[in-house]
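Residue numbers (the UniProt record's numbering): 1 to 494. All residues carry an ideal CB built from backbone N, CA and C; glycine is no exception. Treat the numbers as computed from the prediction; the structure is a model and nothing was measured. The structure appears below as structure tokens.
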């Protein structure tokens, strides 16, 4: 579900970018007669809208050291979290909810939206291939360096992909020559590339009416470009009369017929063509796009900032920042964990240990969060989803004797973020050293690649197996917990 949430956030941010970019175009850019620049702007806001959400950063990074965040890790439905200590094998299993209870209405809507996107993309691909085969079947011919085919289906007197669709005998008339010149300019400007881009965006954001407005503005800008060329060639008045005359036809032979049939847009084209060109000094208005981009980056960083602040462990002074430690009492609720000969359960022992450890760490000035409240079951994903500077998952091993076992430290390795791996490794061996200095028995830290509670964490995370549950009478000793707290506290200094 985390992946789907990220997709929803991403779609929201892209649509925000499109809205702000379109507003700037409508209020400022649209009135400028630099049509090639306008064309680049419309395509640019579409492409940048896809990329801007990836440019999020922490505001603090503008003033302090750079920060690298941990990557999102794919969730798993059933994970075996193996806790083994030379004896019986005990496993902690992720108990997944049913499909209907784990997928919310919002996720179903998102899945339907993505399904619509996939279907539209497939439809575009099929239509493109069908149109390409159809053109090949029409015996294309060359005229003045351009490929011409006879009208077919709904296509007549227009440019399709890289060819011009019109009747050959029409080339012998003045009107036909003007149509040919018009459509050939569309090909020379490579407007078909813009159409591919905007159609791709229409498939991705088909539910947003703004994308259809942007598409219309882009097509209109194409017409402005071509109109200017032909107006310079044939004269503004003559070309305008041509456009207006054919607009009165019952079935106009059309120039880009979808626009030509729209009387309002045709009048707008003539007005733009007859108006005075913008001054070269007006180009500074395009620079307004820069503060808009900066605003969007700041906006995204506030509403959906990069998660966690785990970098502060080794990049800030201990006394300057109140650090947060997340304690995860292993198991809980229907997941009892290991059971001792005496009937003592691991879920109750880890809970009592974490309460004592929380009290000791808070006395040392730390903020301590617990991953569960009392005897309740939480999924591995939920337990590792808290923010902080360090995540400690507390467990106990079980062997068939009452022999005491050294503390075992497990840390995540094998994830894609090298910085997070380095912090996991560094903190594991620092804690190992401090345990020994405080008189605690500890084995060498071990790499874990299969513990979901570590894999899902976005902050430095360790799993601690504190002892053999059969070696404990009723609860852990207070002096033992105090030594744990001292070692954890001292590890932040190193």
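### Task
Buried or exposed for residue 411, please, with buried defined as at least 16 other CB atoms from any protein chain shown within 10 angstroms of its CB.
By 1-based counting over the chain shown, the position of residue 411 is 411. Flag for residue 411 reads buried.
### Query
Which first and last residues belong to the alpha helix (DSSP H) in which residue 446 is found?
By 1-based counting over the chain shown, the position of residue 446 is 446. Residue 446 -> not in any alpha helix (DSSP H); beta strand (DSSP E) instead, spanning 446-448.
### Task
Within the same chain, show all residues whose beta-carbon is closer than 8 Å to that of residue 270, passing over the 5 residues directly before and after it, in chain order.
In the chain shown, counting from the first residue as 1, residue 270 sits at position 270. Closer than 8 Å at Cβ, skipping near neighbours: 240, 243, 244.
### Task
Say whether the region 355-364 touches the region 372-383, bearing in mind that this needs 3 or more beta-carbon pairs closer than 8 Å, one atom from each stretch.
no
#### Entry: Proximity to residue 146 [Cα-Cα], best of 127, 166, 322
Residue numbering aside, residue 146 sits at position 146 when the chain shown is read from its first letter. Considering only alpha carbons, the answer is 166.
### Query
Are the C-beta of residue 119 and some C-beta of chain B separated by less than 8 Å?
In the structure shown, chain B cannot be found, because there is only a single protein chain.
### Message
Are the CB atoms of residue 402 and residue 471 within a distance shorter than 8 Å?
### Response
Against the chain shown, residue 471 aligns to sequence position 471. Against the chain shown, residue 402 aligns to sequence position 402. Yes. Within cutoff.
### Message
Assuming the contact rule is C-beta atoms closer than 8 Å, residue 459 and residue 388 should be a hit. Round their C-beta distance to whole Å, please.
### Response
The sequence position of residue 459 within the chain shown is 459, counting from 1. The sequence position of residue 388 within the chain shown is 388, counting from 1. Contact holds; Cβ gap of about 6 Å.
### Message
Distance check for residue 215 and residue 230, CA to CA, integer angstroms please.
### Response
Stepping through the chain shown from its first residue, residue 230 is reached at position 230. Stepping through the chain shown from its first residue, residue 215 is reached at position 215. Rounded to the nearest angstrom, the two C-alpha atoms are 23 Å apart.
### Nonlocal neighbours in the same chain, by C-beta distance under 8 Å from residue 369, ignoring five residues either side
Taking the chain shown and counting its residues from 1, one reaches residue 369 at position 369. The residues are 324, 325, 326, 327, 386, 388.
### Counterpart residues of residue 408 in DSSP-defined beta bridges
Here residue 408 corresponds to residue number 408 of the chain shown, with the count starting at 1. DSSP, once it has assigned bridges, lists 465 as partnering residue 408.
### Task
Would you list, in sequence order, the uninterrupted alpha helix (DSSP H) runs of no fewer than 4 residues that lie entirely inside the UniProt domain "Peptidase M56" (163-272)?
174-188, 191-204, 209-234, 236-247, 257-260
### Task
Report the rounded CA-to-CA distance for residue 399 versus residue 408, giving the unit in angstroms.
The residue labelled residue 399 in the question sits at position 399 within the chain shown. The residue labelled residue 408 in the question sits at position 408 within the chain shown. Approximately 14 Å between the Cα atoms of the pair.
### Query
When the Cα of residue 429 is compared with those of 449, 286, 461, 480, which residue comes out closest?
Within the chain shown, residue 429 is the residue found at index 429, counting from 1. The candidate whose alpha carbon is nearest that of residue 429 is 461.
### Query
The alpha helix (DSSP H) spanning residue 489 covers which residue range?
Position 489 of the chain shown holds residue 489. Element bounds for residue 489: 478-491.
### Query
Where are the alpha helix (DSSP H) runs, 4 residues long or more, that stay fully inside the region 369-401, in chain order?
380-383
### Task
Using three-state DSSP, classify residue 442 as helix, strand or coil.
Within the chain shown, numbered from 1, the residue matching residue 442 stands at position 442. Three-state result, residue 442: strand.
### Task
With a cut-off of 8 Å on the beta carbons, I'd call residue 21 and residue 292 a contact; round off their distance for me.
Within the chain shown, the letter at position 21 stands for residue 21. Within the chain shown, the letter at position 292 stands for residue 292. That belief holds up - the Cβ atoms of residue 21 and residue 292 are roughly 7 Å apart, short of 8 Å.
### Query
Using a Cβ-Cβ cut-off of 8 Å (strictly less than) and excluding sequence neighbours within five positions of residue 124, which residues of its own chain qualify?
Here residue 124 is taken as the residue at index 124 of the chain shown, counted from 1. Cβ within range, chain order: 199, 200, 203.
### Message
Buried or exposed, going by whether 16 or more other CB atoms sit within 10 Å of the CB of residue 294?
### Response
Here the question's residue 294 lines up with position 294 in the chain shown. Result: exposed.
### Task
Output the distance between the C-alpha atoms of residue 345 and residue 335, rounded to the nearest integer angstrom.
Here residue 345 is taken as the residue at index 345 of the chain shown, counted from 1. Here residue 335 is taken as the residue at index 335 of the chain shown, counted from 1. When rounded, the distance between both Cα atoms is 10 Å.
### Task
Within its chain, find whatever has a CB closer than 7 Å to the CB of residue 490; leave out the 5 residues flanking it on each side and keep chain order.
Working through the chain shown from its first residue, we reach residue 490 at position 490. Once the five neighbours on either side are set aside, the close Cβ partners of residue 490 are 434.
### Query
Can you tell me the Cα-Cα spacing of residue 259 and residue 218, whole angstroms?
Numbered from its first residue, the chain shown carries residue 259 at position 259. Numbered from its first residue, the chain shown carries residue 218 at position 218. Here residue 259 scores only 42 on pLDDT, less than 50, and its place in the model should not be relied on; the value that follows carries that caveat. Taking the straight line from one Cα to the other gives about 12 Å.
### Query
Relative to the C-alpha of residue 439, which residue among 473, 481, 452, 424 is closest?
Against the chain shown, residue 439 aligns to sequence position 439. Comparing Cα positions, the closest option is 481.
### Task
Say whether the region 29-43 touches the region 277-291, bearing in mind that this needs 3 or more beta-carbon pairs closer than 8 Å, one atom from each stretch.
yes
### Task
Determine the contact status of residue 159 and residue 139, defining contact as a CB-CB distance below 8 Å.
Here the question's residue 159 lines up with position 159 in the chain shown. Here the question's residue 139 lines up with position 139 in the chain shown. In this structure, residue 139 does not lie closer than 8 Å to residue 159 by Cβ.
### Query
Going by the CB atoms, is the gap between residue 224 and residue 272 shorter than 8 Å?
In the chain shown, the residue the question calls residue 272 occupies position 272. In the chain shown, the residue the question calls residue 224 occupies position 224. Closer than 8 Å, so yes.
### Task
Would you identify the three-state DSSP class for residue 148, choosing helix, strand or coil?
Position 148 of the chain shown, counted from the first residue, corresponds to residue 148. In this structure, residue 148 counts as strand in the three-state DSSP scheme.
### Task
For the beta strand (DSSP E) containing residue 45, list its first residue and its last residue.
Here residue 45 refers to the residue found at position 45 of the chain shown. Residue 45 -> not in any beta strand (DSSP E); alpha helix (DSSP H) instead, spanning 35-51.
#### Entry: Buried/exposed call for residue 162, threshold 16 Cβ in 10 Å
Counted from its first residue, the chain shown places residue 162 at position 162. Classification for residue 162: exposed.
### Query
Looking at the structure shown, is residue 21 part of a helix, part of a strand, or coil, going by DSSP?
Within the chain shown, the letter at position 21 stands for residue 21. DSSP places residue 21 in helix when its eight states are reduced to three.
### Start-end ranges of the beta strand (DSSP E) lying completely within the region 330-375, minimum 3 residues
367-370
### Query
Once you ignore the five residues that flank residue 117 on each side, which residues in its own chain have a CB closer than 8 Å to its CB?
By one-based count along the chain shown, residue 117 stands at place 117. Answer for residue 117: 203, 204, 206, listed in chain order.
#### Entry: Residue range of the unbroken beta strand (DSSP E) whose run includes residue 455
Residue 455 sits at position 455 when you count from the first residue of the chain shown. No beta strand (DSSP E) contains residue 455, which is instead part of the alpha helix (DSSP H) from 452-455.
### Query
Roughly how many angstroms lie between the CA atoms of residue 300 and residue 13, to the nearest whole one?
As a first step, residue 300 is located in the chain shown; it is residue number 300 there, counting from the start. As a first step, residue 13 is located in the chain shown; it is residue number 13 there, counting from the start. Going from the Cα of residue 300 to the Cα of residue 13 covers about 7 Å.
### Query
If residue 406 sits next to residue 443, beta carbons under 8 Å apart, how far is it from one beta carbon to the other, in whole angstroms?
For the purposes of this step, residue 406 is taken as the residue at position 406 of the chain shown. For the purposes of this step, residue 443 is taken as the residue at position 443 of the chain shown. At roughly 5 Å, the Cβ-Cβ gap stays under 8 Å, so residue 406 and residue 443 are in contact.
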